[in-house]
Amino acid sequence: NAGVTQTPKFQVLKTGQSMTLQCAQDMNHEYMSWYRQDPGMGLRLIHYSVGAGITDQGEVPNGYNVSRSTTEDFPLRLLSAAPSQTSVYFCASSYVGGLYNEQFFGPGTRLTVL
Amino acid sequence: EDQVTQSPEALRLQEGESSSLNCSYTVSGLRGLFWYRQDPGKGPEFLFTLYSAGEEKEKERLKATLTKKESFLHITAPKPEDSATYLCAVQAGQGAQKLVFGQGTRLTINP
Numbered sequence: 513n514a515g516v517t518q519t520p521k522f523q524v525l526k527t528g529q530s531m532t533l534q535c536a537q538d539m540n541h542e543y544m545s546w547y548r549q550d551p552g553m554g555l556r557l558i559h560y561s562v563g564a565g566i567t568d569q570g571e572v573p574n575g576y577n578v579s580r581s582t583t584e585d586f587p588l589r590l591l592s593a594a595p596s597q598t599s600v601y602f603c604a605s606s607y608v609g610g611l612y613n614e615q616f617f618g619p620g621t622r623l624t625v626l
Numbered sequence: 216e217d218q219v220t221q222s223p224e225a226l227r228l229q230e231g232e233s234s235s236l237n238c239s240y241t242v243s244g245l246r247g248l249f250w251y252r253q254d255p256g257k258g259p260e261f262l263f264t265l266y267s268a269g270e271e272k273e274k275e276r277l278k279a280t281l282t283k284k285e286s287f288l289h290i291t292a293p294k295p296e297d298s299a300t301y302l303c304a305v306q307a308g309q310g311a312q313k314l315v316f317g318q319g320t321r322l323t324i325n326p
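Sequences listed follow chains A and B, in order. So the working numbering is basically just the index in the first sequence, starting at one, shifted up by 512. So the working numbering is basically just the index in the second sequence, starting at one, shifted up by 215.
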């Protein structure tokens, strides 16, 4: 199993550009989520999904869109990048409910917006 | 609002010098408390889940404990390879998978 994969690993954008961060998992997890990590702020939840066709907002959703058309994929779209979106982005997945619901994280995408 | 506070922000120890990291939380209906390890440039790696006060879990030199207000990650006789940032997160509320993270403790073990 590859686990949770993310692409690209690094990205530099100019203000106003759009892009999609890709996330995929091969563990048949129902739950997938996106976090951003900033120095001194910990990880903050952007959007999450409990299954294909179902998404919801987290703590910091503004400026980001998501969709979930398959169980495996959960892309994060930046519609018009701003310098405040410079961060490291992590995708995570897990089973829903039960005892073994720890979230598995991808390797991250480091995004710089100029 | 659910809150998680970790202390200290950074901790430097000598190899073999045992210590503890603290995670204090305020949540409505704790469903689970998670500890993760994060190495520089990598994603968080799962260590433990604790579900109820009094529960303890161990893995090599690490032991996690849980009370109704806080969790401790005890590190016994650490080695340089234990150097990392340790993250605490809580899962709360009905039917929720969402995690609320603390800011992390950056641990450095000097040889």
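Backbone N, C-alpha and C define an ideal beta-carbon position, used for all residues, glycine too. From a predicted model like this one, the values you see are computed outputs, not experimental measurements.
When burial is assigned at 16 or more other CB atoms within 10 Å of the CB, is residue i buried or exposed?
i, result
"B/GLU260", "exposed"
"A/PHE586", "buried"
"B/LEU245", "buried"
"A/THR507", "It is not possible to answer for residue 507 of chain A, since the shown part of chain A is limited to 513 through 626."
"A/ILE566", "exposed"
"A/MET544", "buried"
"B/GLN253", "buried"
"A/LEU631", "One cannot answer for residue 631 of chain A here, as it falls past the ends of chain A, which runs 513 to 626."
"B/VAL219", "buried"
"B/TYR301", "buried"
"B/TYR266", "exposed"
"A/LEU525", "buried"
"A/THR532", "exposed"
Give the interface partners of residue i over in chain A, defined as CB-CB distance under 7 Å, in chain order.
i, result
"B/GLY317", "GLY554"
"B/GLY258", "PHE602, PHE617, GLY618, PRO619 and GLY620"
"B/PHE249", "GLU614"
Using a cut-off of 8 Å between C-beta atoms, extract the partners of residue i located in chain A.
i, result
"B/LYS313", "SER545, LEU557, TYR560 and GLY570"
Cβ closer than 8 Å: which chain B residues qualify as neighbours of residue i?
i, result
"A/ASN574", "By Cβ distance, chain B contributes nothing, its closest Cβ being about 17 Å from A/ASN574, past 8 Å."
"A/SER606", "GLN312"
Evaluate contact between the stretch 268 to 281 of chain B and the stretch 612 to 620 of chain A, counting only Cβ atoms and requiring at least three cross-stretch pairs below 8 Å.
-> Pairwise C-beta distances place the stretch 268 to 281 of chain B out of contact with the stretch 612 to 620 of chain A, as fewer than three of them are shorter than 8 Å.
Contact list for the stretch 261 to 273 of chain B against chain A, Cβ threshold 7 Å | Only PHE261 and THR264 from the stretch 261 to 273 of chain B bring a Cβ to less than 7 Å from some Cβ of chain A.
Write down every uninterrupted run of the beta strand (DSSP E) in the stretch 540 to 585 of chain A whose length is 3 residues or greater and which is fully enclosed by it, in chain order.
-> The qualifying runs are 543 to 550, 554 to 563, 566 to 569 and 576 to 578.
List in chain order: all unbroken beta strand (DSSP E) runs of 3+ residues lying wholly within the stretch 282 to 320 of chain B.
-> Look at the stretch 282 to 320 of chain B and you find these whole runs of beta strand (DSSP E), each 3 residues long or longer: 285 to 290, 299 to 307 and 314 to 316.
Is it true that the stretch 528 to 546 of chain A meets the stretch 225 to 232 of chain B, where meeting means three or more beta-carbon pairs spaced less than 8 Å apart?
-> No: the two stretches stay apart, fewer than three of their Cβ pairs being nearer than 8 Å.
Going along the chain, which unbroken runs of the beta strand (DSSP E) with 3 or more residues stay wholly within the stretch 219 to 290 of chain B?
-> Within the stretch 219 to 290 of chain B, the complete beta strand (DSSP E) runs of at least 3 residues are 225 to 229, 234 to 241, 245 to 253, 260 to 265, 271 to 274, 277 to 281 and 285 to 290.
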